[in-house]
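Chains as they are written, first to last, in the working numbering: chain A, 11 to 597; chain B, 259 to 728.
Don't be surprised by glycine CBs; every beta carbon is placed ideally from N, CA and C.
Take a look at the structure set out below.
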Amino acid sequence: MAYVALADQDHELHDPDTFITKYIWSQDHKVIAIQYGLVAAFVGIIALVMSGLMRLQLGFPNTFSFITPENYYQFVTMHGMIMVIYLLTAFFLGFFGNFLIPLMLGARDMVFPYMNMLSFWVYLLSVIILLASYFVDGGPTGAGWTLYPPQAILEGTPGSGMGIKLMLVSLGVFIAAFTMGGLNYVTTILQARCRGMTLMRMPLSIWGIFMATVLGLLAFPALLVSAIMMTFDATLGTSFFMPAVLSMGENLEYGGGSPILFQHLFWFFGHPEVYIVALPAFGIVSDLLSTHARKNIFGYRMMVWAIIIIGVLSFIVWAHHMYVSGMNPYFGFFFATTTLIIAVPTAIKVYNWILTLWQGDIHLNVPMLFAIGFIFTFIHGGLTGLFLGNVTVDLPLSDTYFVVGHFHMVMGVSPVLVVFGAIYHWYPKITGRMFNATMGKIHFWLTFLGAYAVYLPMHYLGILGLPRRYYSYGDTAFIPDSAQDINVAITISAMIIAIGQIFFFFNIFWSLWRGEKSGPNPWRATTLEWQTPDTPAKHGNWGPKLPVVHRWAYDYSVPGAPEDFIPQNVPGDGTHPVGRDHGVHHS
Amino acid sequence: MVIGIIIILLVIGSVAFHFLSPWYFTPIASNWTMIDTTVDITFAVTGAVFIATNLFMAYAIIRYRHKKGSGQKAAYDPENKKLEYWLTGITAVGVVAMLAPGLVVWARFVTVPEDAMLVEVVAQQWHWSYRYPGDDGLLGAVDPKLVAPDNAFGLDPRDPNGQDDVLVANPQMHVPLDRPIKTVLRSKDVLHDYAVPQFRVKMDIVPGTVTYLWFTPTRLGEFEILCEELCGLAHHTMRGKVVVDEQEDFDTWLAAQPTFAEINALAAGDPVLGKSQYATCAACHGFEGEGLPLLNAPKLAGMDPWYLKRQIEHYKQGVRGQDPADIYGVQMAAMANTLVNDAAVNNVAAYLLTLPDEPPEQTVQGDIANGKRLYRTCGSCHGREGEGIWSLNAPRTQGMNDWYVVAQLKNFRDGIRGAHPSDYYGAQMRMMAQILSDDEHINDLAAYINTLPPPAQQSARLDNPSREKL
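Written out as C-alpha cells, the structure is:
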C-alpha cells in the first residue's frame, strides 16, 4: 500500500537544456521552490517595511505627515494579508513544501511538474495584482486584512473602489495557484514515496506540510467564494453581505444581506489558515530539534496524531474569532469548548519537543537556537491563546492589543523563527555551502529578543484596554502617558529587529560565494534529502537509482551503532544495527 | 549554555513584568468582576505552565548541551506511553479549570436580567447616539430608509411606540447607578463595536441586525466609549462617553432630553424674523454674510445651517471660545448670547440660507499638489469636493474663507479648539488636525480647497438635503 511504483517512472521527467527551461520556466521542484522563496521574501520585505511605518506612527504619533490615516489603515491591511498569505503560506508550502517533499520522500520530482511550474507563475501573477493596487486611484484597500463588509466596499474606507477589487481578484488568483501546488503536494506525498517510505516513517516535516496542504485545499474555497460574492456585491450590486445601509448620509440600494455570513466564511478559512502556517512549522521544528539534539523525536506517533487531530479540530473552532461579532451568543459555548480542546494536542507537541531535548546531545548551533527560540515564543503565544479562546476571558481582551500581541507571537514570530532556522538548516543542501555561523547567531539574538520586547508589552497594553487598529489615541482618560512611552520602546525594538535582518540577507548572499563547502550531510542527519548523490541535488535528485528506505527518520544515537545517526536508506544488514522501527512493518 | 540562561532570565523577567508593569485592567466599574476572576484563573494556570515548561527546557539545555570531546551520547528514547498519558491528563485538567468558569460566566452574560433598563445605542460612521424608550418602555420601529437630516434616527413616524422615544443626538449617554442596563446595539452603516474598558464587556454592532449586551454600572463617573471594530478612516476618533448618575440625576437628565414627537413639533426657522435678528451679527460678518477679514469674522452665507446652530450653542454653553488663546472665539462667545433662544438661532440660520453664496477672496498660497494629497483624509468626512456631509457632522470647507480654515485648523491642532470635554465633534477634528504638524501643510490644504469647484458646478451638492432643510 505504501509503496507505489510511480516514483520509478523517471522517464516522465523533462530534461532542462537551456537557461530558460532550467531557471525560468523550470519544472524542477528545487528551482520552483527557490522561485517561490524569492518572491515570498520580496513581498515579505515590503510587509516588514509597512510594519516599520506603522510602528513609527504608533511610537511617534502626529510626527510624520506622510503617514495619514489612509496610509496607516492601508499598511495594516496589506501588512497582514501579505504576511499571512503571500509570505507565510507561500513560503512554508511553496518553498519548503516544494523543496522537501520529493527530497525527503525519495522521489525524483513532484508528480505534476508542469502544474507545479504553473503554480508558481500564477502565484507571481497574484502578487503582481496585489501590488498593483498601490498604483490605482485610491490606493490599496484599508479595510483590515479581514476585509469585513460592508465597510470594505463603502466610501469612508481607503481603497473602497479599485483597491478592494484588486485585493479580491488577487486572492482568487492566489487560491488558483495554491490549489495547483496543493493537489501536487498531496498527490506526491501519497503516491510518489520511494520503496520502504511508509506513512509512519515520514519525517514530521512532511507530515506537517501534508496536513497543512489538506487544510488549505479544504479551507481556501471558503475564502474564494466569499471573495467572489463580495466582488459581486461591489460591482453588480448584489447583496450577499450587504444589508440596507447608509453611506455618507445616503441610502444605498442594498438590502437583506448578512455581514456576519462573510465573517463565518472568512474564518472558516481563516482559522485553518493559522494551522496552514503552524503545522509545517511544527513538523520542521521537530526535525531540527531531533537532528541537532542527536536524539530521536520523542513520541513520534503521538506527534503525527497530534498534527492530524489539530488539523481536524481546526475546522470546528473558527467562530472563536467572532465571540463579540454579534453572532448568536450561544455559539460561544460550543466554540470555546472546541477551542480549548485543541490546546491538548498542541500542548503534547510542546512537551514532546522539550522531552526530545531531555537527555540529548544538544548542539547549540544556529538552527537549534532558532528551534529553541520557537519553543519559547510558541509556549507564550499558545498560552495567551487560552485567554482569547475562552469566550468570557475574550470579552475584555477582544479587539485590543492583547490580540495583536497574541497572534504575532503565535503565528508571526514563532513560524518566522522556524523559517529562519529551517533556511539555515537546509542552506547547505540548497547551495552546497555553509552560512556564516557568527552572523547567524547575531541574527538570532536580535530577532528573538527584539521580538519578545515588541510583543510582550503589547499584551499588557491590551489588558489596559488599548484598542487595535487605531491610528492614534489622542487624549483618552484611561490611557496613562506611560502607554505612550512603552509604544516608543516597542517601536525602537521593532527597528532593531528590522535592522537585524540585514545580517540574515547579507549572510545568505555572501555565503553563496564565500561560504565553506558543506559536503552532502554537514549535520549528520538521517533523512533522505541529506543522502543525495550530489549536493546541491541535481535534476532528478537521485542519479540512476532511487533510494530505498529501511527505517524511520529518527535513528539518532542508536545504542551500539558506530555513529550517532543512521540514515533512513541504510539497510539493517548486520553491519549496522537496526534502530527501533516504529509501529510499521518492513516493506 | 547562553540560551538556557537567557530563557531563565526571560521567564523571571516576564513574571516580574507581569507584576510590576503599570499597564493592567482599569479599575472595574460594572458588575462583571466575574470576568476579571476568569482572567485571574487563566493567568494562574497559564503562568504556571509557562514557568514550568520553560524552566524545564532551560534546565535540559544546560544539562545536556554538547560538550566538545566529552564523548557524550544522547539517550535512545522513542516513546514513553505512561508519561505521555500523564501529561495529556494534567493538561486536560488545566483546560477544564479554565473552561468551566468561563462557560458559567458566559451563561450569565447571555442572560439579561428581566428588570434591565433598555437603552438603544446607535452607531454610525464615526459617531454615537442613543435612544431611550420613553414612558411606554418600548422602542419605536426604525428603518434605515427613513434616515434623513430631520430624522437622523430613522424612526417610523407612523409607529405610536416611537413618539415618546427620547433621542440623544450626541455621543454622551447617561445610565443610572446599580441598575442592570441592557443596551441594544444598532448600526446605520458599517460594523462598529461598543466597548467601555471599565465595564469589561463589548459587542459588535452589525447593520441589518440588532445585537445586545448588558451590565450594571457600580461606580459613579464618566467612562469612555470606544469603537473597537474597524469602521473606516476615522475609526480611532469614534468616541463617546457613558455617564453613570445617581437615579435622580439620571431622571433629571432624561427629562431634559427631547422626545421624537417634541423634535418634530419644533417650528422651522423664519427667514423674515431672522433678518432682523441677524442685524447684530452683520456688524462683523457683513450684511450679505460675506465675512469681513479685517474683523476676523468669517463668511456665514453658504455655511451648513446645522453646523451654524451647533457652533452658536457651543459658544453659548461655553464649549467654544473659552480658551484665552482663541481671541476671536472669546469675542464671539460674548456675542452669541444676543441670539436668546433656539428659535432665534433657527431664524437666523434660515435667513442666512437666503443670502447669495459668493466665493470669497483667496488669500492663502501653498503647494496645491501636497494639499490634494493631504485632503484625501479630510474628504472622507467633509466630502471629496469639500461640500460637507451632514450625516458625518462634517461641515462644508469649499467656498469658505481660506484664512479662517487655516486659523481653525491651527486652533484644533494646538488644542485651542476642540479640547472642551463636551465638544465631541471638535475632539474628533482635533485628533485629525494633529496630523498637520507642519504649518506649511495647513496652507497647502487651504490652497487646495480653494481649487475645489463652487457649489453650482457640484452635481452631488444639489441632492444634498442639508441645503434645503433645516
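Among the options, the one whose alpha carbon lies nearest that of residue i
i: B/A453; options: B/W472, B/R568, B/D436, B/D422; result: B/W472
i: A/L225; options: A/F188, A/T198, A/V137, A/R304; result: A/F188
i: B/A355; options: B/L552, B/V303, B/A607, B/P402; result: B/V303
i: B/P679; options: B/E486, B/A427, B/G560, B/K499; result: B/K499
i: B/I402; options: B/G412, B/D394, B/D408; result: For clarity, residue 402 of chain B is Pro in the given sequence; the question names Ile instead. Looking at the Cα atoms, B/G412 is the closest of the given residues.
i: A/N531; options: A/F52, A/P546, A/I518, A/F514; result: A/P546
i: B/K326; options: A/H373, A/I385, A/H435; result: A/H373
i: A/F276; options: A/A237, A/L538, A/Y481; result: A/A237
i: A/W533; options: A/Y340, A/A303, A/G152; result: A/A303
i: A/F600; options: A/V360, A/P581, A/R443; result: Residue 600 of chain A lies beyond the range of chain A shown here (11 to 597); nothing can be said about it.
i: B/D335; options: A/L407, A/Q369, A/S528; result: A/Q369
i: A/W455; options: A/W436, A/P425, A/G475, A/L379; result: A/L379
i: B/E342; options: A/L289, A/G415, A/I364; result: A/I364
i: A/F105; options: A/S324, A/I42, A/S143; result: A/I42
i: B/A665; options: B/L703, B/Y682, B/S638; result: B/L703
i: A/T387; options: A/F417, A/S408, A/F412; result: A/F417
i: B/A607; options: B/T284, B/G305, B/S534; result: B/S534
i: B/G547; options: B/P614, B/K668, B/D462, B/P407; result: B/P614
i: A/L209; options: A/G173, A/P425, A/Y310, A/L228; result: A/Y310
i: A/L246; options: A/M312, A/Y465, A/F278, A/E263; result: A/E263
Identity of the residues DSSP links to residue i by a beta bridge
i: B/F481; result: B/V500
i: B/L413; result: B/V400
i: A/T99; result: According to DSSP, which records beta bridges pairwise, A/T99 is partnered with nothing at all.
i: B/S288; result: B/P475
i: A/I372; result: B/R323
i: A/T410; result: A/P477
i: A/R443; result: A/K527
i: A/V568; result: In the DSSP output, where bridge partners are listed per residue, A/V568 has none listed.
Beta-carbon neighbours of residue i, restricted to chain A and to distances below 7 Å
i: B/D393; result: Here the premise fails: no neighbours, minimum Cβ distance about 29 Å.
i: B/R323; result: I372, L374
i: B/K403; result: A254, N261
Within chain B, the residues that residue i reaches when beta carbons sit closer than 9 Å
i: A/E80; result: L491, R634, T635, S638
i: A/D574; result: K331, A332
Contact set between residue i and chain A, taken where Cβ atoms lie within less than 8 Å
i: B/T304; result: L393, T394, L396, F397
i: B/P455; result: P406, L474, G475, F488
i: B/K446; result: V255, L256
i: B/F283; result: P406, I473, L474, G475
Proximal chain B residues relative to residue i, where beta-carbon distance stays under 7 Å
i: A/P569; result: Y334
i: A/G178; result: It is Leu, not Gly, that sits at residue 178 of chain A in the sequence shown. The premise fails here: A/L178 is roughly 18 Å from chain B at the closest Cβ pair, so nothing lies under 7 Å.
i: A/N72; result: Q692, I693, S695
Listed by chain order, chain B residues near residue i by CB distance under 8 Å
i: A/S408; result: K460, E486
i: A/Y481; result: H493, H494
i: A/F308; result: D335, P336, E337, N338
i: A/K305; result: A332, A333, Y334, D335
i: A/V401; result: G360, L361, W364
Using a Cβ-Cβ cutoff of 7 Å, what residues of the segment 371-383 of chain A are near chain B? List them in chain order.
D371, I372, H373, L374, L379, I382
Please give me, in chain order, every unbroken run of the alpha helix (DSSP H) with length at least 4 that falls completely inside the segment 60-95 of chain A.
Segments of the alpha helix (DSSP H) lying fully in the segment 60-95 of chain A: 79-91.
Which ranges does the alpha helix (DSSP H) cover as unbroken runs of at least 4 residues, wholly within the segment 316-373 of chain B, from first to last along the chain?
You should have 339-368.
Threshold first: 4 residues or longer. Then list the alpha helix (DSSP H) segments lying entirely within the segment 241-316 of chain A, N to C.
269-302
Would you mind listing the alpha helix (DSSP H) stretches within the segment 571-599 of chain B that are 4+ residues and don't spill past its ends, in chain order?
585-594
Got a sec: which bits of the segment 356-371 of chain A sit with their beta carbon under 7 Å from any beta carbon on chain B, in order along the chain?
A357, I358, V360, Y361, I364, L367, W368, Q369, G370, D371
Taking beta-carbon pairs under 7 Å, can you tell me which members of the segment 155-170 of chain A lie near chain B?
Y158, P160, Q161, L164, G166, T167, P168
Tell me the start and end of each unbroken alpha helix (DSSP H) in the segment 489-536 of chain B that is at least 4 residues and wholly inside, in chain order.
505-514, 518-523, 529-535
Report the start-end ranges of each beta strand (DSSP E) in the segment 437-472 of chain B that is 3 residues or longer and not cut off at the edges.
439-445, 450-453, 460-463
Under 7 Å (Cβ pairs) to chain B, residues found in the segment 525-559 of chain A:
Contacts with chain B (Cβ-Cβ distance below 7 Å) from the segment 525-559 of chain A involve no residue at all.
Counting only runs of 4+ residues fully inside the segment 674-700 of chain B, write out the alpha helix (DSSP H) ranges in chain order.
Secondary structure in the segment 674-700 of chain B: the alpha helix (DSSP H) runs of 4 residues or longer, each lying completely within the stretch, are 682-691 in chain order.
To test your reading of the DSSP string, which unbroken beta strand (DSSP E) runs of 3 or more residues are found completely within the segment 601-670 of chain B?
Entirely contained in the segment 601-670 of chain B, not one beta strand (DSSP E) run reaches 3 residues.
In the segment 241-260 of chain A, which residues sit with their C-beta less than 7 Å from some C-beta in chain B, listed in chain order?
P253, A254, V255, L256, S257, M258, G259
Beta carbons nearer than 8 Å to chain A: which residues of the segment 345-358 of chain B have them?
L345, T346, T349, A350, V353, M356, L357
Along the segment 286-300 of chain B, what residues have a CB closer than 9 Å to any CB found in chain A?
W290, M292, I293, D294, T296, V297, I299, T300
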